[in-house]
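Participant: I'd like to ask some things about the structure below.
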Amino acid sequence: MGRSMDIVSEIKARLDIVEVVGQYVPLRRAGRLYRALCPFHTERTPSFYVSPERQSWHCFGACNTGGDVFSFIMRKEGVGFGEALRMLAQRAGVELPSPRSPQEEARRQRLYQAHEAAMEFYHRLLMEDATAAHARRYLEGRGIDMATARRFMLGYSPPSGDALLRHLMGKGFRLEEVLEAGLLVTSEGLTRDRFRGRLMFPIWDEQGRPVGFGARALDDSHPKYLNTPQTPIFDKGGLLYLLDRARHDIRRSGCAVIVEGYMDAIAAHQAGFANVVASMGTALTERHVRSLRRHCRRIVLALDADAAGAEAVLRGHQVVEASEGETMPELTWRGLVRFQTTAGVDLRVAILPPGRDPDEVIRESPQLWQALVAEAEPVLDYRFRRAQEGKDLRDPQARSQLVQELLPIIAAVGDPVVRAHYLQKLARLSLVREEELASMMRRRRQEPSPAPRREGEHGPDPERLLLSLLLRYPDLRPEAQDLPEGLFWEQANIEVFRAWKECQTLVELAQKLPEELWAYTDGLISLWTRFPQKWDNDNGRRAFGDVRRRLEERYLRARKRALAAALATHQEESAPDQQHLLEEAFSAVREGRAGNALAQLLREDLELGFQLHSRAAQREANSHAEA
Ligand SMILES: [Zn+2]
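Shown next as structure tokens:
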């Protein structure tokens with residue numbers, strides 16, 4: 004790891020971001036910066052800036068994000084960090100250490116080759132063999148023509164026990180290789196083909212290499228769908244079917260649509276909707292979301308109207324919450340982490356007409372499909388609508404139920420601006436005052452919940468840690484007295500902080516706090532057990548400085564999102580003949596004049612963006628110094 008970090012810095016030192024970005028978009032000098040139409044979203048007025056001094060880029064239009072030369076290449080080329088590293092290393096003339104041993108690489112190549120051969124074997128059978136006639140009839144019945152079957156290399160696995168094995172061994176593959184590729188199954192000492200008598204869907208990884216199969220039964224066999232198991236090249240939790248073919252369209256349209264089944268995805272591509280991928284029947288994972296977020300900001304889940312579909316949304320929602328910047332596992336590449344933290348995802352839900360799946364909708368009415376995707380609802384709006392269905396909100400009982408259902412979901416929203424919006428909405432519907440709802444939310448948090456707080460795995464929640472430090476180390480009072488309340492997002496923490504400011508001792512504090520916060524404050528004090536025994540005031544001060552910086556950064560990011568929303572509204576609402584106002588604002592920012600109100604917004608947004616980047620750079624420098 005340390006070595007790759009050195010390489011990253013070396014590449015950055017050798018390359019000029021202006022030159023790299025300039026190869027993709029024409030940059031114009033604008034004072035100390037360069038400016039262009041954003042390559043990641045459609046706009047009429049340039050809001051994409053590159054800073055040669057900081058070697059960073061920033062879009063303060065719809066993208067509201069930025070980063071270094073690596074994140075630029077990752078987004079622009081739609082590749083992961085590893086691929087960006089390879090591309091930039093080559094450009095900079097830096098040699099990369101091979102990540103895998105040549106033996107390991109050769110072994111993987113054999114697995115790809117085995118799949119290539121198996122894919123062709125199954126495909127030829129489907130297209131030509133008499134025994135596959137019923138498979139061809141099935142496809143015809145599902146509206147899949149032979150050209151499409153060729154395009155997606157659909158196949159048929161013969162029902163006999165070892166036809167594929169014999170075919171592959173005839174081509175020089177060893178038994179162990181075919182086993183490792185997941186193409187065989189061993190039971191009761193007998194090794195046979197894993198897939199028998201099934202319609203075969205080859206699965207490709209994002210680079211377009213065949214890595215596995217989905218296989219559909221053509222009779223009543225169970226399971227109806229059988230997939231390749233986890234192998235060195237088949238990564239079940241991270242693969243999305245057809246992403247290799249869809250990624251171009253996903254990037255172009257800024258939107259990815261996830262369906263569940265192979266047939267749904269194929270029907271979509273056949274009808275020209277090439278931004279569709281399939282989750283292959285598994286629940287959406289954090290990694291799925293991450294791999295799509297590299298290509299687009301909007302992800303639409305196309306779901307059945309039934310209850311199972313609704314359940315999937317719930318899972319999907321939790322997935323996205325879990326992939327918010329701070330909860331990312333630490334082994335993730337630094338560039339990816341930064342990207343996760345700065346780029347949000349816009350997760351939406353499209354509900355299909357009752358009793359129909361995407362495949363049917365697309366075949367019967369491409370227009371309906373288009374409309375469903377275009378009008379997909381934000382996931383929280385969907386939850387709101389769903390919760391209101393079948394309830395008579397004139398009935399206090401029903402309103403109470405609504406609150407019980409929605410409050411926990413709202414409480415899970417990390418962004419305070421978004422959270423406030425939905426809290427207001429719930430207040431309107433339930434006729435419960437917003438303050439009352441906020442206080443209910445706080446009480447809920449004190450109850451032991453089946454899903455424990457994030458404390459533990461990733462260390463204590465930073466707000467609570469900060470308060471706990473204040474309660475433990477009285478010496479921190481002078482520097483903490485003026486902390487802005489905006490650093491705290493949790494209402495309970497704001498109240499404890501306010502009380503702390505007015506009290507000198509814990510006894511005083513206990514008297515000051517409302518009874519409902521006593522147990523909560525005890526929880527804060529119990530965090531002391533996590534501080535090492537030998538800690539003195541200096542250790543406490545350092546820990547305090549650390550967590551304070553984290554909260555300040557989070558505050559800056561939230562402020563930045565709010566500003567971006569305000570700017571986007573401005574841009575949407577301003578008629579074409581108002582464009583000169585925007586132009587004027589941009590020139591004011593560029594030339595350092597005060598300018599109009601919009602210019603103030605832009606300037607603050609730009610400033611915040613750079614503050615965040617330089618903080619991240621500072622953190623990296625520190626971690627280098629420590630290492
Ligand atoms: Zn942009």
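All you need for the numbering used here is the position in the sequence shown, starting with 1, plus 3.
Glycine included, C-beta positions come from ideal geometry on N, C-alpha and C.
1. Please determine whether the Cβ atom of F589 lies at a distance below 6 Å from any heavy atom of ligand 1.
2. Could you tell me whether any non-hydrogen atom of ligand 1 is closer than 6 Å to the CB of H44?
3. Three-state secondary structure (DSSP) at H61?
4. Assuming A305 and A377 form a contact by the criterion Cβ under 8 Å, report the distance between their Cβ atoms to the nearest whole angstrom.
5. Please give me, in chain order, every unbroken run of the beta strand (DSSP E) with length at least 3 that falls completely inside the segment 525-567.
6. Short check: CB of T134 to CB of Q273, under 7 Å?
7. For R78 and P42, what's the separation of their Cα atoms in angstroms?
8. Looking at the strands, I want to know which residues DSSP matches up with W207.
9. Is G85 helix, strand or coil by DSSP?
10. Would you call K227 buried or exposed, if buried means 16 or more other Cβ atoms sit within 10 Å of its Cβ?
11. Could you tell me which of A121, R212 and D208 sits nearest to E180, measuring between CA atoms?
12. Leaving out the 5 sequence neighbours to the left and right, which residues in its chain are closer than 7 Å to S256 when beta-carbon positions are compared?
13. Can you find a heavy atom of ligand 1 that lies under 6 Å from the Cβ of C66?
14. Can you list, in chain order, the residues of its chain with a C-beta nearer than 8 Å to that of R57? Leave out the 5 residues immediately preceding and following it.
15. Leaving out five residues on either side along the sequence, give the residues of the same chain with a beta carbon under 6 Å from the beta carbon of Q407.
16. Going by other Cβ atoms of all chains shown within 10 Å of its Cβ, with 16 needed for buried, is V563 buried or exposed?
17. Can you look up D362 in the DSSP assignment and give me helix, strand or coil?
18. Determine, using beta carbons only, whether T231 and G241 come nearer to each other than 7 Å.
19. In whole angstroms, what is the alpha-carbon distance linking A16 and V97?
20. How would you write the range of the alpha helix (DSSP H) that S403 sits in, first residue to last?
21. Any idea which residues DSSP pairs R301 with across the strands?
22. With a threshold of 6 Å (Cβ to nearest heavy atom), would C299 be considered close to ligand 1?
23. Can you tell me which of F237, L426 and Y159 puts its alpha carbon nearest to the alpha carbon of R201?
24. Suppose the cutoff is 6 Å on Cβ atoms and the five residues either side in sequence are ignored; what does the same chain contact list for S471 look like?
25. Hey, which unbroken runs of the alpha helix (DSSP H) at 4 residues or more fall wholly within the segment 73-160?
26. Tell me the DSSP secondary structure of I236 in three-state form.
27. From what residue to what residue does the alpha helix (DSSP H) around Y244 run?
28. Measuring alpha carbon to alpha carbon, tell me which residue in F198, P463 and L396 is nearest L434.
29. Could you tell me if the beta carbon of C506 falls within a distance shorter than 6 Å of some heavy atom in ligand 1?
30. Quick check on DSSP: helix, strand or coil for S590?
31. Can you find a heavy atom of ligand 1 that lies under 6 Å from the Cβ of C258?
32. Tell me whether the segment 126-142 and the segment 77-95 touch, counting them as touching only if at least three CB pairs, one residue from each stretch, are closer than 8 Å.
33. Tell me, which residues are paired with P381 by DSSP?
34. Near E466, what residues of its chain come up, given a Cβ to Cβ distance below 8 Å and the 5 sequence neighbours on each side ignored?
35. Leaving out five residues before and five after R250 in sequence, what residues of the same chain have Cβ atoms less than 8 Å from its Cβ?
Facilitator: Concretely, from the data shown:
1. Not so, every heavy atom of ligand 1 lies at least 6 Å from the Cβ.
2. Set against 6 Å, the gap from the CB of H44 to the closest heavy atom of ligand 1 is smaller.
3. Strand.
4. Rounded to whole angstroms, the Cβ separation of A305 and A377 is 12 Å, and the two are not in contact under 8 Å.
5. Here no run is fully enclosed.
6. For T134 and Q273, no; Cβs fall outside 7 Å.
7. In this structure, the alpha-carbon of R78 lies about 10 Å from that of P42.
8. Here W207 is bridged, per DSSP, to P213.
9. Helix.
10. By the beta-carbon neighbour count (other beta carbons within 10 angstroms, threshold 16), K227 is exposed.
11. Each of A121, R212 and D208 was checked against the Cα of E180, and the nearest Cα belongs to A121.
12. Excluding residues within five positions, the ones whose Cβ falls inside 7 Å are N278.
13. Yes, since a heavy atom of ligand 1 falls inside the 6 Å radius drawn around the Cβ of C66.
14. F613, H616, S617 and A620, listed in sequence order.
15. Nothing meets the Cβ criterion.
16. According to the sequence provided, residue 563 is Lys. The question's Val does not apply to it. Per the 10 Å Cβ criterion, buried.
17. D362 carries a helical assignment under DSSP once its states are collapsed to helix, strand and coil.
18. No, the pair does not count as a contact, with Cβ atoms beyond the cut-off.
19. The C-alpha of V97 is placed about 11 Å away from the C-alpha of A16.
20. From DSSP, the alpha helix (DSSP H) with S403 extends over P399 to A414.
21. DSSP lists C258 and D349 as partners of R301.
22. C299: no, Cβ never under 6 Å from ligand 1.
23. It is Y159 whose Cα lies nearest to the Cα of R201.
24. Listed in chain order, the non-local C-beta contacts of S471 below 6 Å within the same chain comprise L527 and L530, local neighbours out to five positions each way being set aside.
25. Fully enclosed alpha helix (DSSP H) runs of no fewer than 4 residues occupy 84-95, 105-131, 136-144 and 149-154 of the segment 73-160, in order along the chain.
26. Three-state result, I236: coil.
27. Where Y244 is concerned, there is no enclosing alpha helix (DSSP H), given that its DSSP letter is neither H nor E.
28. The shortest C-alpha separation from L434 is found at L396.
29. Within the chosen limit of 6 Å, ligand 1 does not reach the beta carbon of C506 with any heavy atom.
30. Of the three classes helix, strand and coil, the one that applies to S590 here is helix, per DSSP.
31. Taking 6 Å as the cut-off, the C-beta of C258 does not count as close to any heavy atom of ligand 1.
32. No, the segment 126-142 is not in contact with the segment 77-95.
33. Looking at the DSSP assignment, P381 forms a beta bridge with R351.
34. Excluding positions up to five away in sequence, the list reads L490, F491, W492, E493, N496 and L554.
35. If you ignore the 5 residues before and after R250, its C-beta comes within less than 8 Å of the C-beta of G81, E209 and H298, all in its own chain and listed in chain order.
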